[in-house]
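Comments concern the structure below.
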Amino acid sequence: MSDEQHSPNAVDPSAIETAAAVRSGDLSAVEVLETSLTRIEEREGEIHAFNLVLAEEARETARRVDDAVAGGADPGALAGVPVALKDNLCTKGVETTCSSRILEGWKPPYDATVVQRLAAAGAVMVGKTNLDEFAMGSSTENSAFGPTHNPHDLSKVPGGSSGGSAAAVAAGFATLALGSDTGGSIRQPAALCGVVGMKPTYGLVSRLGLIAFGSSLDQIGPFSNSVADAALLLEVMGGHDPGDSTSLDTEVPAVSTHLDDGVSGMRVGLISEMMGEGIAPDVAARTRAAAECLAAAGAIVEEVSVPAVVYGLSAYYLVAPAEASSNLARYDGVRYGMRVEAPTVGEMIEATRTAGFGDEVKRRIMLGTYALSAGYYDAFYGKALKVRTLIRGDFDAAYGNFDVLLSPTSPSTAFDMGSKTADPLSMYLNDLCTIPSNLAGHPAMSVPFGRGGDGLPVGVQVLAPALGEVPMFRTAAVLEAAAREEARS
Amino acid sequence: MSVDLDTWEIVVGLEVHAELATRTKLFCSAVNEFGGEPNTNIDPLTLGLPGSLPVLNEHAVELAIRVGLALGSEVSPSSFARKNYFYPDLPKDYQISQFDRPINVGGSLELPSGKVIGIERAHLEEDTGKSTHVGGGGRIHDAGYSTIDYNRAGVPLLEIVGRPDIRNADEARAYVTELRSILVAVGASDGKMEEGSMRVDCNVSVRRRGDDELGTRCEIKNVNSLRSLGRAIEYEAARQVDLIEAGERVQQQTRHWNEDDGRTHKLRSKEEADDYRYFPEPDLVELDPGAEWIERVRAAMPVLPAARRHRLAETTGSELEQTALVVERGLDELCLAAIEAGADPVRVLTHAEHNLSDERSLKLDPEQFAELVKMETGGQLTATQAKTVLSEMVEGAGSPADIAAAHGFEAMDNSELESLVDGLIESNPTEWQRFCEGDAKITGFFVGQVMKATKGQADGKAVTALLNTRKG
Chain A
1 MSDEQHSPNA
11 VDPSAIETAA
21 AVRSGDLSAV
31 EVLETSLTRI
41 EEREGEIHAF
51 NLVLAEEARE
61 TARRVDDAVA
71 GGADPGALAG
81 VPVALKDNLC
91 TKGVETTCSS
101 RILEGWKPPY
111 DATVVQRLAA
121 AGAVMVGKTN
131 LDEFAMGSST
141 ENSAFGPTHN
151 PHDLSKVPGG
161 SSGGSAAAVA
171 AGFATLALGS
181 DTGGSIRQPA
191 ALCGVVGMKP
201 TYGLVSRLGL
211 IAFGSSLDQI
221 GPFSNSVADA
231 ALLLEVMGGH
241 DPGDSTSLDT
251 EVPAVSTHLD
261 DGVSGMRVGL
271 ISEMMGEGIA
281 PDVAARTRAA
291 AECLAAAGAI
301 VEEVSVPAVV
311 YGLSAYYLVA
321 PAEASSNLAR
331 YDGVRYGMRV
341 EAPTVGEMIE
351 ATRTAGFGDE
361 VKRRIMLGTY
371 ALSAGYYDAF
381 YGKALKVRTL
391 IRGDFDAAYG
401 NFDVLLSPTS
411 PSTAFDMGSK
421 TADPLSMYLN
431 DLCTIPSNLA
441 GHPAMSVPFG
451 RGGDGLPVGV
461 QVLAPALGEV
471 PMFRTAAVLE
481 AAAREEARS
Chain B
1001 MSVDLDTWEI
1011 VVGLEVHAEL
1021 ATRTKLFCSA
1031 VNEFGGEPNT
1041 NIDPLTLGLP
1051 GSLPVLNEHA
1061 VELAIRVGLA
1071 LGSEVSPSSF
1081 ARKNYFYPDL
1091 PKDYQISQFD
1101 RPINVGGSLE
1111 LPSGKVIGIE
1121 RAHLEEDTGK
1131 STHVGGGGRI
1141 HDAGYSTIDY
1151 NRAGVPLLEI
1161 VGRPDIRNAD
1171 EARAYVTELR
1181 SILVAVGASD
1191 GKMEEGSMRV
1201 DCNVSVRRRG
1211 DDELGTRCEI
1221 KNVNSLRSLG
1231 RAIEYEAARQ
1241 VDLIEAGERV
1251 QQQTRHWNED
1261 DGRTHKLRSK
1271 EEADDYRYFP
1281 EPDLVELDPG
1291 AEWIERVRAA
1301 MPVLPAARRH
1311 RLAETTGSEL
1321 EQTALVVERG
1331 LDELCLAAIE
1341 AGADPVRVLT
1351 HAEHNLSDER
1361 SLKLDPEQFA
1371 ELVKMETGGQ
1381 LTATQAKTVL
1391 SEMVEGAGSP
1401 ADIAAAHGFE
1411 AMDNSELESL
1421 VDGLIESNPT
1431 EWQRFCEGDA
1441 KITGFFVGQV
1451 MKATKGQADG
1461 KAVTALLNTR
1471 KG
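As they're listed, the protein sequences go chains A and B. Numbering-wise, the numbering used here puts 247 at position 247 of the first sequence, and it's gapless, one number per residue. Numbers given in the numbering used here equal positions in the second sequence, counted from 1, plus 1000.
The structure is reproduced here in structure tokens:
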């Protein structure tokens, strides 16, 4: 399975096939892992997808999986599948940094719920992936440990904040990866790296052990080479967790069993507000092509207006920083992580946070603190909450007529590294199409759908109402099949 | 320094933080226990470790509901917010607290005097850890170093906010005492002020009598006992009156009570107050206990101190205030049972109030208590003898008859007493003359003489009655 000249997606290892082969004894988990590790050795130096590669731990896990199979036991649905974890997911005894100096060296005493569930399903964790510090960014350039490069073109960003996870799957370092999505942090890098990325309905996947950024928006979700693999990973890690009060007490929608149901008769709305200004023509064209392909597959496709989504970005940049300003207060040097000594406690806290946080994190903490301040709350945070309600209402209205909605994932293909770092606002605009789903708590996913004018991957976003994962995955599966067909011809 | 209460009115509103008697903390499974080695009752959430999440403790909610029902509050759908401020003993650097939607809304509390104090609200929140500042003046600003114990961090608190209906230090103490009795009665808290289970912040203002507007208030912190509560209020009211009388204005401030110098000291003014940047806690969902749960809790509620006082006062025909101590000691059930068994209500209450301070009194057999009172009212024992017998009954010495017999207590028969009294009248004509002229104070002289002669065996009341008969 090794290929000297690995190009992204050339091999497209499938988690489903890998797990099946490992469970049946046809393939050893150790062998699968070594292929991953070899690729990491070959290209990690230029890509920098990982903050930490767990080669030895992974080898031990893989051996245990193989032993279990040899002993007649079933290691689980992800037996022997190499998985990369975004470095804001807590891993017991393994450094978890959020790509921040302030947490450098911190080893959590527990595994995140999703990490436990993956381990219980026989997955092999190969490493912790790079991210924009505390998941704040859209290019993975805000990492304290250096940026991640796009495997398709090293001069381009992989997107962010889960850029390391997206790049790891795109480069074949891991078959699956976990990311977190607060405003598009899974879908946008998935689009830019040409892989599948999905944000579940808020509450479907436990946040316990995910280091918080914007608690009311954060969801953990899968990266994969295929829609079917994303479905499997969602089913393994989703479901109620009493340790997360916002976890939904509901079954994970049975996405895998409906993947091949097609879209015949399904009503698909193309969101007008996400097809005009700010969207690169090649990306818009690919999105229209996707709409046409769904129509060809029997869906009823129409344009639909969801007016309030245009306020999404403004509302998001009040809600997320506000919650972040509170969530990140605990990094004060008192109990764990970095401490810069100073004469008084107050000065120590100030010095620690000044040295420990990067510019973007500081910018958002200030933004959020301001938005929550006495006298400004109603004008900023309060109003943002109203916009959130408005967006939910407009989505509800749209879903009265449509089963799923369609849009570009990202306004453009992968951009040059360094091209937007000096202008935060242009960076923020990357999340124009993804943010509304987070504000509404709805699921959305990005599917690769051909390439842009520059030859780089384009992602198309499928949006669905709360717990509408089944129609969303069905649509994504049709798009994936069409894109593969197109690539072959 | 004391306030001229003819000119001035003191207005006090109390905020009481009660630690709820749960097994675990408000949002995690770390143990809620006073004492213990520092930093042993902790877990990831207690320390605010990254990735940890709060899960609301149902028992804490139930205890809050009990308090709400006890205070006649409306138990309401509520939600949590974050109160943001940096302090080393606050592990997440925000406190999860109920802000604009508390669990208990409104209500009232009746003091033993019968006065009713309004309750504004009661809300759930988590406690902080405990800092100890070593060196310097023992305050964070000038300490050499500080240690932090997070055992208390996350312990459930119910903050009960009273309305400014209290008018003096005695009422404030009575309010706290009564609230403590209620909290203990419903099992919500152990009410131990000395262990910090109950902490009081008091808001004090003054105004001229007849004014409708409330004066500017100051909030006094660090009031750790009933005694300091009274002293702090009296000091603070006097300070404010002095300011106003000197032509100055009272500034709204948070002040710190110093037990050693008996003064309050400015901590911060309103302008310097933290901006807590409250916003809805996104890690928790709305708390709506629902009618069914509330009714289940209501059905299991004990009879509360105020109701017990009323019941005892009605049964004994006494003043409400006279029943306070007896109910506080938990002796009302015993009294009611003894009365039920035929004992004289007034004597029962008097004994309970004055002669049953020992904790073992709670174990008295009501039948035997009734028997004792009957012996006394039947003239077989004098009041003094009855008190002696009762105290030995409390110690577990046996039945009143046996104890009385062991002491050789027998009430004197009337003819013996009559001749003794007649003899005294004859040999003390001057005193007798004064008695006949209505000098009540001289009664004590005759009673004393009789007691002396009988070595306390006589019944003082019987002597008085006899003297009155002889007077005619």
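Glycine included, every Cβ here is placed at the ideal spot set by N, Cα and C.
Chain A contact for residue i (CB, 7 Å cutoff)
{"i": "residue 1101 of chain B", "result": "no"}
{"i": "residue 1080 of chain B", "result": "no"}
{"i": "residue 1155 of chain B", "result": "no"}
{"i": "residue 1135 of chain B", "result": "no"}
{"i": "residue 1047 of chain B", "result": "yes"}
{"i": "residue 1084 of chain B", "result": "yes"}
{"i": "residue 1055 of chain B", "result": "yes"}
{"i": "residue 1092 of chain B", "result": "yes"}
{"i": "residue 1366 of chain B", "result": "no"}
{"i": "residue 1241 of chain B", "result": "no"}
{"i": "residue 1284 of chain B", "result": "yes"}
Supposed contact pair residue j and residue i - C-beta distance, whole angstroms, cut 8 Å
{"i": "residue 206 of chain A", "j": "residue 135 of chain A", "result": "Residue 206 of chain A to residue 135 of chain A, Cβ: 17 Å. No contact."}
{"i": "residue 1167 of chain B", "j": "residue 1008 of chain B", "result": "No, residue 1167 of chain B and residue 1008 of chain B are not in contact; Cβ-Cβ is about 11 Å, not under 8 Å."}
{"i": "residue 187 of chain A", "j": "residue 459 of chain A", "result": "7 Å"}
{"i": "residue 15 of chain A", "j": "residue 224 of chain A", "result": "6 Å"}
{"i": "residue 126 of chain A", "j": "residue 233 of chain A", "result": "Their Cβ separation, rounded to whole angstroms, is 15 Å, which puts residue 126 of chain A and residue 233 of chain A out of contact at 8 Å."}
{"i": "residue 1161 of chain B", "j": "residue 1122 of chain B", "result": "7 Å"}
{"i": "residue 1146 of chain B", "j": "residue 1088 of chain B", "result": "7 Å"}
Residue from the options whose Cα sits closest to the Cα of residue i
{"i": "residue 1473 of chain B", "options": "B:1069, B:1027, B:1150", "result": "Residue 1473 of chain B lies beyond the stretch modelled for chain B, which goes from 1001 to 1472, so this question has no answer here."}
{"i": "residue 332 of chain A", "options": "A:352, A:344, A:342, A:324", "result": "A:352"}
{"i": "residue 1115 of chain B", "options": "B:1020, B:1171, B:1211, B:1302", "result": "B:1171"}
{"i": "residue 1129 of chain B", "options": "B:1121, B:1152, B:1146, B:1426", "result": "B:1152"}
{"i": "residue 480 of chain A", "options": "A:329, A:277, A:227", "result": "A:227"}
{"i": "residue 1206 of chain B", "options": "B:1200, B:1219, B:1192, B:1199", "result": "B:1219"}
{"i": "residue 1424 of chain B", "options": "B:1463, B:1358, B:1122, B:1396", "result": "B:1463"}
{"i": "residue 404 of chain A", "options": "A:266, A:478, A:111, A:285", "result": "A:266"}
{"i": "residue 457 of chain A", "options": "A:443, A:410, A:442", "result": "A:410"}
{"i": "residue 242 of chain A", "options": "B:1093, B:1078, B:1284, B:1263", "result": "B:1284"}
{"i": "residue 1303 of chain B", "options": "B:1241, B:1377, B:1185", "result": "B:1185"}
{"i": "residue 1108 of chain B", "options": "B:1124, B:1074, B:1090, B:1123", "result": "B:1074"}
{"i": "residue 451 of chain A", "options": "A:439, A:284, A:383, A:340", "result": "A:284"}
Within-7 Å CB hit, residue i to chain B
{"i": "residue 4 of chain A", "result": "Reliability fails at residue 4 of chain A, whose pLDDT of 36 lies under 50, so the model's placement of it is uncertain and no value is given."}
{"i": "residue 187 of chain A", "result": "no"}
{"i": "residue 181 of chain A", "result": "no"}
{"i": "residue 374 of chain A", "result": "yes"}
{"i": "residue 330 of chain A", "result": "yes"}
{"i": "residue 319 of chain A", "result": "no"}
{"i": "residue 488 of chain A", "result": "no"}
{"i": "residue 334 of chain A", "result": "yes"}
{"i": "residue 323 of chain A", "result": "yes"}
{"i": "residue 143 of chain A", "result": "no"}
{"i": "residue 8 of chain A", "result": "Confidence at residue 8 of chain A is low in this model, with a pLDDT of 40, below 50, so its placement is unreliable and the value that follows should be read with caution. No, its Cβ sits nowhere closer than 7 Å to a Cβ of chain B."}
{"i": "residue 349 of chain A", "result": "yes"}
{"i": "residue 1 of chain A", "result": "With a pLDDT of only 35 at residue 1 of chain A, under 50, the local geometry of the prediction cannot be trusted, and the value read off the model is given with reservation. No, residue 1 of chain A lies away from the interface with chain B (no Cβ there is under 7 Å from its Cβ)."}
TODO: Select from the segment 88-118 of chain A all residues with a C-beta closer than 9 Å to any C-beta belonging to chain B, and list them in chain order.
DONE: So the list reads 88, 89, 90, 96, 98, 103, 106, 108, 109, 110, 112, given in the order they occur along the chain.
TODO: Could you please tell me which residues of the segment 1270-1282 of chain B, in chain order, have their CB closer than 7 Å to any CB of chain A?
DONE: 1275, 1277, 1279, 1282
TODO: Anything in the segment 226-246 of chain A with a Cβ closer than 8 Å to a Cβ of chain B? List those residues in chain order, please.
DONE: 242, 243, 244, 245, 246
Task: Residues within the segment 203-228 of chain A neighbouring chain B, beta-carbon criterion of under 7 Å - done: For the segment 203-228 of chain A, the residues whose beta carbon sits under 7 Å from a beta carbon of chain B are, in order, 207, 208, 209, 210, 211, 215, 216.
Task: Any beta strand (DSSP E) of 3 or more consecutive residues that is wholly inside the segment 202-280 of chain A - done: 219-224, 267-271
Task: Minimum length 4: unbroken alpha helix (DSSP H) runs contained in the segment 1244-1307 of chain B - done: 1290-1299
Task: Secondary structure, alpha helix (DSSP H): runs of 4+ residues fully inside the segment 356-389 of chain A - done: 359-372
Open item on the list: Just to confirm the assignment: which complete alpha helix (DSSP H) runs, minimum length 4, are found wholly within the segment 93-146 of chain A?
Closed with: 113-120
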